[in-house]
Amino acid sequence: MKPRTFACIILLAAALGAAPARSQVFTSGDDASFDATGTGAFGPLAVAGTNNLFLLTVTSTGNLSAQTGTSATTTAAATASAGTGATLAITPSIAGFSYQSVNGVTYTKTATGLLVVLSPAALTGSGPLAGHTGGLTIEIPNASITQLF
Amino acid sequence: MRTPRCSCFGLCLCLCLCLGAASLAAGAPVGSQTSQLNTFSVNVDDFAYRVNATAMYTRTAGGLGVSIPAGNMFSVVQPAGPQNNQAYSVFFTIPQDVIDRFF
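In order, the protein sequence lines correspond to chains A and B. Just so we're aligned, residue 530 is where the first sequence starts under my numbering, counting upward by one. Just so we're aligned, residue 1494 is where the second sequence starts under my numbering, counting upward by one.
Right under this line is the structure:
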């Protein structure tokens, strides 16, 4: 085998291995039905209100995930998929006082990064906001993550 | 005809290339950091604030460490909430399995 041919095969294999998860965004007027064959449970897609968005994603591991939404924010999340995780412990500091909280968390892959939504939870600590609730929403850019992982 | 020294050099070159490719696939080593300006939302009680601060991201053994060392909370709506213009910082770690799932 010529070296050049060998290099081409290596490059092709690398490209296939790095292939991103495929996704299909259904927009208004599209036929939103699909054939969910295979193993494993798949939750129902509920229809509520107008301008519903359904995002079905085949993950890199071959799983099918779905997300629905009615907001423009979800529209921008073109590559979003269902989140994972239950809680996340954080150590916020507000106005010079340190607190701890354990928040419910949802991770969502968006087109531009990883959206982390921490639902409001009680702050603990010795500051004046102890017992009050705190929440956080932050999107970590793709570049910052891919640079490290 | 190749000399033994030439073959040895070729072997070393291959080894370096392989190691380079392996480290590239695995990403940066644990402890690596990168920072970027970030604007995010904070809720305290029923008040919504926006914070503009430089976030430090660190690859840890357990995942992605996110550290916001300093930033000011500005009320999104008026009248301003009681924590308007107060300092905010936070630290948490996103588990490795979440990173693996999405990236």
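By construction, the Cβ of each residue, glycine as well, lies at the ideal position given by its N, Cα and C atoms.
Query	Result
Per-residue DSSP class, three states only, for Asn1545/B	strand
Enclosing beta strand (DSSP E) for Thr1532/B [first to last residue]	1526-1537
Cα-Cα separation, Ser648/A to Ala1521/B	31 Å
The ligand GTP heavy atom lying under 6 Å from the CB of Thr1551/B	This structure does not include the ligand GTP; it has no bound ligands of any sort.
Where Ala1563/B falls: helix, strand or coil (DSSP)	coil
Beta carbon of Asn630/A nearer than 7 Å to that of Leu652/A	Residue identity check: residue 630/A is Ser in the sequence provided, not Asn. A contact, by the Cβ cut-off of 7 Å.
Option in Gly663/A, Phe626/A, Ala659/A with minimal Cα separation from Phe1540/B	Gly663/A
Closer than 7 Å to chain B by CB, Gln629/A	no
Rounded separation between Val1569/B and Thr1532/B - CA only	12 Å
Burial state of Ile1592/B (16 or more Cβ within 10 Å)	buried
Under 9 Å from the C-beta of Gly1520/B: neighbouring residues of chain A	Thr675, Gln676, Leu677, Phe678
Beta-carbon neighbours of Thr1527/B, restricted to chain A and to distances below 7 Å	Ser673, Gln676, Leu677
Counted within 10 angstroms of its Cβ, other Cβ atoms place Pro657/A as buried (16 or more) or exposed	exposed
Bridge partners - Ser630/A, DSSP secondary structure assignment	Ile619/A
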